[in-house]
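Okay, structure first, notes after.
There are 2 protein chains.
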Amino acid sequence: MLIGELAERAGTSPRTLRYYEEHGLIHPSRDANGYRQYDDGELRVVHEIRTLLADGFGVDDIKPFVACLRAGNSAGHVCPDSAMVLRRRLAEVDGYLARLTEVQQRLRDQLKEIKCQMTP
Amino acid sequence: MLIGELAERAGTSPRTLRYYEEHGLIHPSRDANGYRQYDDGELRVVHEIRTLLADGFGVDDIKPFVACLRAGNSAGHVCPDSAMVLRRRLAEVDGYLARLTEVQQRLRDQLKEIKCQMTP
DNA sequence: CCTTGCCTTGACGCCGACGTCAGGGCCTAA
DNA sequence: TTAGGCCCTGACGTCGGCGTCAAGGCAAGG
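Residue numbers (this note's numbering), protein chains in the order written: chain Z, 1 to 120; chain X, 1001 to 1120.
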């Protein structure tokens, strides 16, 4: 499978796949002409990468998950290294949620204050 | 008041104040030597700006609040233009909270799954 | 042979709120 | 006079996940 086909099957672009490779997430072999060659398993890996990115992980955080998948595990998050990253990210998310909730409350309060002035 | 003093009183840097000016949020007068001169009221304005930035507003979003304050209102958010921005930002925050909560749930599920495997 | 369409590497652009030099002027105290 | 400390403008660096253009090679159909 060439890069264009994998990109389409994964719902992304060749540029994106080269970017993942550049950052050590995937290691395709090469054809005689220099073209990248991917086997079917890489589709699963790319999906894992994209899911994690969508969940806010950084590229470096994702490496353990990919390694875990390649080691033959059923999912990328069942390895100890992955678990550490998961816990770190969960703590981050908890923090963001707390701060965002505060902001949300302030915004609501200010909007409520305006409505009160509308009907004095 | 020179830029350094205002910066210190506002808990920020001269560079930051110049940045705000560059983006039309403050308009200090100039001394004969070209130095920026701020009156005491600007401290209040800068605090408003920093609070809004901390709440995730962009520089452009903040302009109505500053204008509202300068118009003599007790707070920057009591004007109609500010209210529109407030509603937009609240909708954004609601969206972020929803997505982050989903992520949080997925992360918890994955961590739970690992613990279950620890004690088979 | 030529066009078309895939592939390659390299490198700049984006966004936003500044940090951080670089190079130079103003003012004051010793 | 000079050293230090403030001020000025201008401009590049930061972070991340790519988009996008540039310049060129490889393969296949007409």
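Even for Gly, the Cβ is constructed at its ideal location relative to N, Cα and C.
Discussion item. One question on the structure: do L43/Z and R18/Z come within less than 8 Å of each other, judged by their Cβ atoms?
Written reply: no
Worksheet item: Taking the alpha-carbon positions, what's the Y1038/X to L1052/X distance?
Response: 21 Å
Fill in: Which residues DSSP lists as bridging R70/Z, in chain order
In DSSP, R70/Z forms no bridge with anything.
Discussion item. Less than 7 Å between C-beta atoms, sequence neighbours within five positions excluded: which residues of the same chain meet that for H47/Z?
Written reply: Exclusion of the five residues before and after H47/Z leaves A10 as the residues of its chain whose Cβ lies within less than 7 Å of its Cβ.
Worksheet entry | S1029/X - DSSP class collapsed to helix/strand/coil | In the structure shown, S1029/X sits in a strand (DSSP, three-state: E or B).
Item to complete: Could you work out which residues of chain Z lie near L1107/X, taking near to mean beta carbons separated by less than 7 Å?
Response: L86, R89, L90, V93
Item to complete: Below 8 Å between beta carbons is the criterion; list the residues of the stretch 44-59 of chain Z that meet it against any residue of chain X, in chain order.
Response: D55, G56
Discussion item. Quick check: is any heavy atom of the ligand MG less than 7 Å from the C-beta of S13/Z?
Written reply: Here there are no bound small molecules, and the ligand MG is not part of this structure.
Practice prompt. Report yes or no: do the stretch 1100-1119 of chain X and the stretch 79-99 of chain Z share at least 3 C-beta pairs separated by less than 8 Å?
Written response: yes
Worksheet item: Taking the alpha-carbon positions, what's the A1075/X to A54/Z distance?
Response: So the alpha carbons of these two residues sit roughly 38 Å apart.
Practice prompt. Grab me the residues of H23/Z's own chain with a C-beta within less than 8 Å of its C-beta, minus the 5 sequence neighbours each way, in chain order.
Written response: V59, D60
Worksheet entry | Residues of the stretch 1058-1083 of chain X with Cβ closer than 7 Å to any Cβ of chain Z, in chain order | H1077, V1078, A1083
Fill in: Closest residue to Y73/Z among I26/Z, L100/Z, G41/Z, Y96/Z (Cα-Cα distance)
It should be pointed out that residue 73/Z corresponds to Asn in this sequence rather than to Tyr. Taking only the C-alpha atoms, the option nearest N73/Z is G41/Z.
Worksheet item: Ordered along the chain, which non-local residues of its own chain (more than five positions away) have a Cβ less than 8 Å from that of H27/Z?
Response: E21
Practice prompt. Determine the extent of the alpha helix (DSSP H) in which H1023/X is found, giving its start and end residues.
Written response: Where H1023/X is concerned, there is no enclosing alpha helix (DSSP H), given that its DSSP letter is neither H nor E.
Discussion item. Out of V1045/X, E1092/X, N1033/X, which one is the CA nearest neighbour of L1006/X?
Written reply: V1045/X
Worksheet entry | When N33/Z, D94/Z, D81/Z, L107/Z are compared against S1082/X, the one with the closest alpha-carbon | L107/Z
Fill in: Given F1065/X as reference, the closest of L1025/X, I1003/X, C1116/X once Cα atoms are compared
L1025/X
Fill in: R36/Z and L69/Z closer than 8 Å at C-beta
no
Worksheet entry | Chain-ordered neighbours of Y1096/X on chain Z, where CB pairs are closer than 7 Å | L100
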